[in-house]
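Residue numbers (our numbering): 70 to 443. Inspection log for the structure reproduced underneath, given as structure tokens.
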Amino acid sequence: MFGRNKNTTTTVEIDPEAVMAALGTVEEPELGGDLVTRKMIENLHVEHGAVSFTVVLTTPACPLKNQIEAEARAAVMEVPGVQSVQVNFTSRVVSGRTQHRQILPGVTHTIAVASGKGGVGKSTMSTGLAVSLAQSGARVGLLDADIYGPNIPMMMGVEVPPTQEGEFLIPAESHGVKIMSMAFFLTKESPAVWRGPMVSKMIQELLTKVRWGDLDYLVIDLPPGTGDASLTLAQAVPLTGAVIVSTPQDVALSDVAKGVEMFKTLKVPLIGLIENMSYFVCPHCRERTEIFGHGGEMTARKLDLHHLGEVPLHAAIREGGDIGQPLVVSAPDSPQARAIRSAAEQVAARISVLTLKNRPSAVSNRTFIPLTPR
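Structure (structure tokens):
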């Protein structure tokens with residue numbers, strides 16, 4: 070617990086309480102409050118001028134981890150006798166809603182990914198969010214609730230379908246994500262020609278008759294629009310929140326408002342808006358072109374939504390979905406993958422904030438139908 074004074078050769082005893090006091094001046098940038106008051110500091114160790122400690126984050130995908138590390142290190146270096154600082158990180162994703170444990174045992178947060186219209190890349194963003202969160206160290210599941218157009222297994226490159234264990238299904242896995250989809254129970258040519266009540270029953274079954282295990286996040290890819298699937302989901306499980314995906318053209322953005330109003334009516338918190346296909350950068354001249362316009366940030370501000378990020382238009386994103394290799398896996402350092410990963414970090418950060426509010430959600434009685442993987 071001794072170190073040398075930074076300006077002299079005098080040996081100075083390092084006071085652990087002084088270290089904690091220094092860390093008490095560092096604010097948590099998303100949630101507010103200091104690291105000590107929020108009980109985010111663990112495993113403080115002081116020896117021969119070296120200080121180490123662990124910062125407990127609310128999500129492994131924290132977008133401001135570097136800022137927290139820099140500010141914590143700078144604060145501790147000001148303590149007399151400190152010569153070096155090692156900042157370690159761990160995370161505990163905590164839910165403010167006990168209903169999750171009752172309906173989906175082991176699942177901490179449920180994230181609905183929705184869009185006002187089709188063709189905006191909602192499923193692509195769902196896979197990108199799920200894989201990015203898993204790459205950060207989170208335990209993640211992905212439910213394909215787009216009953217009429219289930220394509221998540223193809224986009225995730227699933228090779229082994231789910232199995233059955235008694236009355237429950239064991240999800241498939243790919244890229245570190247647990248996956249369940251209606252596509253596993255249909256042939257490629259078989260459409261799901263179902264009315265609303267049947268769709269509702271199927272979504273309830275895919276949610277609650279699956280052994281998801283312990284998950285930090287369950288990402289749920291909804292069908293486009295404001296139909297039965299969204300209503301069923303909001304009534305079947307207390308959603309942590311909803312992410313809206315849109316392209317920037319006026320036609321798509323005008324439908325965002327409808328989706329926002331639907332989730333508000335269902336009392337589902339809104340995590341924010343992702344603007345997909347936001348712009349295109351020419352690979353030859355590097356010129357940026359806004360092919361579909363550029364209005365996502367303005368729309369988010371108008372609707373009082375958090376703007377989660379802009380994902381550019383790029384052929385590699387589409388190609389990755391076609392071959393089951395999401396871009397965050399096949400080209401993780403590309404600008405497009407970084408944009409998707411940044412959006413996932415923003416989603417995780419917003420969930421941490423929303424968790425503090427702990428809003429209640431309606432829960433309906435659930436009816437199940439049996440499923441058997443083909």
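We put the CB at the ideal spot given by N, CA and C, even for glycine. Treat the numbers as computed from the prediction; the structure is a model and nothing was measured.
Nearest candidate by alpha-carbon position, reference residue i, set the options
i           : options            : result
residue 269 : 240, 244, 306, 235 : 306
residue 304 : 279, 204, 185, 273 : 273
residue 188 : 100, 145, 314      : 314
residue 223 : 196, 146, 234      : 196
residue 373 : 388, 342, 401      : 342
residue 398 : 204, 387, 316      : 204
residue 217 : 294, 128, 409      : 294
residue 202 : 177, 193, 129      : 129
residue 337 : 207, 233, 183, 208 : 183
residue 394 : 138, 200, 353, 152 : 200
residue 371 : 255, 152, 299, 322 : 322
residue 380 : 352, 326, 330, 317 : 317
residue 247 : 236, 235, 283      : 283
Counted within 10 angstroms of its Cβ, other Cβ atoms place residue i as buried (16 or more) or exposed
i           : result
residue 424 : buried
residue 88  : buried
residue 221 : buried
residue 99  : buried
residue 161 : exposed
residue 415 : buried
residue 225 : buried
residue 419 : buried
residue 117 : exposed
residue 174 : exposed
residue 384 : exposed
residue 299 : buried
residue 192 : buried
residue 392 : exposed
residue 320 : exposed
Per DSSP, the bridge partner or partners of residue i
i           : result
residue 242 : 247
residue 357 : 350
residue 311 : 181, 339
residue 114 : 121
residue 376 : 342
residue 394 : The partner list for residue 394 (beta bridge, DSSP) is empty, contrary to what the question assumes.
residue 96  : 103
residue 289 : 181, 212
residue 153 : 119
residue 159 : 125
residue 232 : 239
residue 416 : According to DSSP, residue 416 bridges with nothing at all.
residue 284 : 176
Close beta carbons around residue i, own chain, < 6 Å, minus the five adjacent residues each side
i           : result
residue 190 : 345
residue 301 : 269, 272
residue 249 : 212, 240, 275, 279
residue 94  : 144
residue 179 : 287, 306, 308, 309
residue 412 : 343, 377, 378
residue 366 : 376
residue 417 : 128, 130
Cutoff 7 Å: residue i Cβ touching any chain C Cβ
i           : result
residue 390 : Within the model displayed, chain C is absent; a lone protein chain is all it includes.
Proximity below 7 Å, CB of residue i to CB of residue j
i           : j           : result
residue 185 : residue 324 : yes
residue 181 : residue 335 : no
residue 141 : residue 120 : no
residue 446 : residue 238 : The structure shown does not extend to residue 446, since the chain is modelled only from 70 through 443, so no value can be given for it.
residue 467 : residue 396 : Since the first and last residues shown for the chain are 70 and 443, residue 467 lies out of range.
residue 400 : residue 408 : no
residue 125 : residue 146 : no
residue 289 : residue 207 : no
residue 348 : residue 355 : no
residue 177 : residue 103 : no
residue 123 : residue 112 : yes
residue 219 : residue 194 : no
residue 105 : residue 150 : no
residue 281 : residue 210 : yes
residue 107 : residue 97  : yes
residue 159 : residue 421 : no
residue 148 : residue 91  : yes
Own chain, CB closer than 7 Å to residue i, minus 5 neighbours either side, in chain order
i           : result
residue 267 : none
residue 332 : 311, 339
residue 243 : 225, 226, 227
residue 433 : Confidence at residue 433 is low in this model, with a pLDDT of 36, below 50, so the placement of that residue is unreliable and no value is reported for it.
Same chain, Cβ closer than 8 Å to residue i, five either side skipped, listed in chain order
i           : result
residue 441 : Model confidence at residue 441 stands at a pLDDT of 42, short of 50, so the residue's coordinates are unreliable and nothing is read from them.
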